[in-house]
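Colleague:
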Amino acid sequence: MIWPIFRDRPKAKNDSVRFGVDVGGSGIKGAPVNLSKGALNTERLRITTPQPATPEAVATTMAEVVAHFEWSGPVGCTFPGVVQHGVVYSAANMDSSWRDTDAAGLFSDACGLPVTVRNDADAAGVAEMRYGAGRGQTGTVLITTFGTGIGTCLFVDGVLVPNMELGHIEIDGVDAETMAASRWRKAHGLTWDEWGDRVNRYLRTVERLVWPDLIIVGGGVSRRHHKFFARLNTRTPIVAAELRNDAGIIGAALSVV
Ligand code: BGC
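See below:
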């Protein structure tokens, strides 16, 4: 039967459930996501990122996550680097052989399903704007994720400017990510105050470049924001992300729609 008007098509039973995978430098996590609720539909599966994190090894692990849930529809996936039209152009915390890789094609072949790929911070940001701390926010919103690297994304009146790589601006002659990403807190044995001061320096530098109306701090560390927020004295109002570690998976699933 031909449906004359698309919106008249009856909805499939689980129409609001999509699958998201968040590919990171330390873990590859996935779950079906309920888009009506903006929440995971079941507990996520996390597998440690294989080392070296080559395209083939990561694709195999990503496909394992999808297969675990016996998922058979389209899949949304993140990648921790610049992604334009499914192709990866940078990979600061993954194997350098990722550059110029058609990630969408590679992941689709590995899963046997259509896969859409977008930058991890962009995915987390889209989820946060839809369901979390960015809900209803207009103006310029900067979202930062502190984890293995520093991810950033920018929204202007709710519209994403993709692939804003502000984690790599130079501060004191070094890539800011190598100073203030949360992995360096442990790696350099920093106290929360010491690391908080680095985050503050970083955010104060970025706010002078993009002049946001609001900064949302995300990434795994956002659930412990009370440990370092007191060190931040940006001119911009600043809040913690609400979706915590699930933002990437939820944002990946949103990219399927
Ligand atoms: C990458 C970004 C990514 C961020 C967080 C950075 O090293 O360049 O694209 O969003 O890490 O994973």
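The numbering of the sequence shown is numbering that gives the first Met the number 0, which starts it at 0 and goes up by one.
Where is the CB? At the ideal position from N, CA and C, for every residue including glycine.
Taking Cβ positions, are P51 and N40 nearer each other than 7 angstroms?
Modeller: Not in contact: P51 and N40 (Cβ atoms no closer than 7 angstroms).
Colleague: Looking at V82 and N118, is the spacing between their C-beta atoms short of 7 angstroms?
Modeller: Against a cut-off of 7 angstroms, the Cβ pair of V82 and N118 comes out as a contact.
Colleague: Could you check whether the Cβ of E164 sits closer than 6 angstroms to any heavy atom belonging to the ligand BGC?
Modeller: Yes.
Colleague: What do you reckon, are the CB atoms on T115 and S25 nearer than 7 angstroms?
Modeller: The answer is no: Cβ separation not under 7 angstroms.
Colleague: Taking the beta strand (DSSP E) that I149 falls in, what are its first and last residues?
Modeller: Looking at the DSSP string, the run of the beta strand (DSSP E) that includes I149 is I149 to V155.
Colleague: Would you call the segment 88-96 in contact with the segment 224-231, where contact means no fewer than 3 C-beta pairs closer than 8 angstroms?
Modeller: No, they do not touch.
Colleague: Would you mind stating whether A252 and G75 have Cβ atoms separated by less than 7 angstroms?
Modeller: Contact: yes.
Colleague: Using a threshold of 6 angstroms, is the CB atom of A120 nearer than that to any non-hydrogen atom of the ligand BGC?
Modeller: Checking every heavy atom of the ligand BGC against the Cβ of A120, one is found closer than 6 angstroms.
Colleague: With a floor of 3 residues, list each beta strand (DSSP E) that falls wholly inside the segment 58-119, ordered by position along the chain.
Modeller: Whole beta strand (DSSP E) segments, 3+ residues: 74-78 and 114-118.
Colleague: Ordered along the chain, which non-local residues of its own chain (more than five positions away) have a Cβ less than 6 angstroms from that of G138?
Modeller: For G138, where only same-chain residues beyond five positions count, the Cβ hits under 6 angstroms are D212.
Colleague: Would you kindly work out how many angstroms separate the C-alpha atoms of N199 and I168, rounded to a whole number?
Modeller: Rounded to whole angstroms, N199 to I168 spans 14 angstroms at the Cα level.
Colleague: For the candidate residues Y130, T151, Q136 and H187, whose alpha-carbon lies nearest to that of G37?
Modeller: Closest by alpha carbon: Y130.
Colleague: How many Å lie between W2 and I27 at the Cα?
Modeller: Caution applies to W2, whose pLDDT of 39 falls short of 50 and renders its modelled position unreliable; the value that the coordinates give is listed next. Looking at the two C-alpha atoms, the distance is approximately 39 angstroms.
Colleague: Smallest Cα separation from G219: which of G195, R98, N244 and V238?
Modeller: With distances taken between Cα atoms, G219 lies closest to N244.
Colleague: In whole angstroms, what separates the C-alpha of A175 from that of A66?
Modeller: The alpha-carbon atoms of A175 and A66 are separated by roughly 37 angstroms.
Colleague: Below 8 angstroms, how does it come out for the segment 178-197 and the segment 107-114: are there three or more Cβ pairs, yes or no?
Modeller: With the cut-off at 8 angstroms, the segment 178-197 and the segment 107-114 do not touch.
Colleague: Beta carbon of P79: closer than 6 angstroms to some heavy atom of the ligand BGC?
Modeller: True, at least one ligand heavy atom lies under 6 angstroms from that Cβ.
Colleague: Count the other CB atoms, across all protein chains shown, that sit within 10 Å of the CB of P236; report buried if there are 16 or more and exposed otherwise.
Modeller: By the neighbour-count rule (16 or more Cβ atoms within 10 Å), P236 is not buried but exposed.
Colleague: Short check: CB of G133 to CB of C152, under 7 angstroms?
Modeller: Contact flag unset, no.
Colleague: Give the straight-line distance between the Cα atoms of P73 and T59, rounded to the nearest whole angstrom.
Modeller: Rounded to whole angstroms, P73 to T59 spans 17 angstroms at the Cα level.
Colleague: Please look up how many angstroms separate the CB atoms of L34 and V256, rounded, as I've assumed it's under 8 angstroms.
Modeller: Correct: roughly 7 angstroms between the Cβ atoms.
Colleague: Assuming contact is defined by CB atoms lying nearer than 7 angstroms, are V22 and T100 in contact in what I supplied?
Modeller: Not in contact: V22 and T100 (Cβ atoms no closer than 7 angstroms).
Colleague: With C-beta atoms as the reference, is A246 less than 7 angstroms away from E164?
Modeller: Result no, Cβ atoms of A246 and E164 do not sit closer than 7 angstroms.
Colleague: Is it buried or exposed, A122, if we count other Cβ atoms within 10 angstroms and call 16 or more buried?
Modeller: It is buried - the Cβ of A122 has at least 16 other Cβ atoms within 10 Å.
Colleague: At what residues does the alpha helix (DSSP H) containing A179 begin and finish?
Modeller: E176 to A179 is the span of the alpha helix (DSSP H), which, as asked, contains A179.
Colleague: V256 lies in the alpha helix (DSSP H); which residues open and close that run?
Modeller: Where V256 is concerned, there is no enclosing alpha helix (DSSP H), given that its DSSP letter is neither H nor E.
Colleague: Work out the CA separation of L44 and R69 for me, nearest whole Å.
Modeller: Note on identity: in this sequence residue 69 is Glu, with Arg being the wrong assignment. In a straight line, the C-alpha of E69 is about 12 angstroms away from that of L44.
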